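K.L.:
What follows is a structure written as structure tokens; I'll ask about it next.
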Amino acid sequence: DKDVLDTWFSSALWPFSTLGWPENTEDLKYFYPTSTFVTGPDIIFFWVARMIFSGLYNMEEIP
Numbered sequence: 021d022k023d024v025l026d027t028w029f030s031s032a033l034w035p036f037s038t039l040g041w042p043e044n045t046e047d048l049k050y051f052y053p054t055s056t057f058v059t060g061p062d063i064i065f066f067w068v069a070r071m072i073f074s075g076l077y078n079m080e081e082i083p
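Every number in this note's numbering is 20 more than the matching position in the sequence shown, counting from 1.
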């Protein structure tokens, strides 16, 4: 559907968008990047790869 944002795109923004980005909030400074990340091997390409790309692009750091 042309009116629906891609699920993997929006979830790739999760690590920093939930912490107040694009503002440079105290939560963002403290919690990003994270030190632990747990995921299933079946979504590494779909979610984790996109999270790395979006983190590098928007935050200049890997989540």
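Ideal Cβ positions, reconstructed from N, Cα and C, are used throughout, including at glycine.
Note that the structure is predicted; figures quoted are calculated from it, not measured.
1) Rounded to whole angstroms, what is the Cα-Cα separation between D64 and I72?
2) Using a Cβ distance threshold of 8 Å, determine whether the stretch 51-60 contacts the stretch 26-34, with at least three qualifying pairs required.
3) Can the beta-carbon of W67 be found less than 7 Å from the beta-carbon of S31?
4) Quick check on I63: does DSSP put it in helix, strand or coil?
5) Which value, in whole angstroms, describes the spacing of the CA atoms of E46 and P35?
P.N.:
From the atom records:
1) The sequence as given places Ile at residue 64; Asp does not occur at that position. Roughly 10 Å separates the two Cα atoms.
2) no
3) yes
4) helix
5) 14 Å
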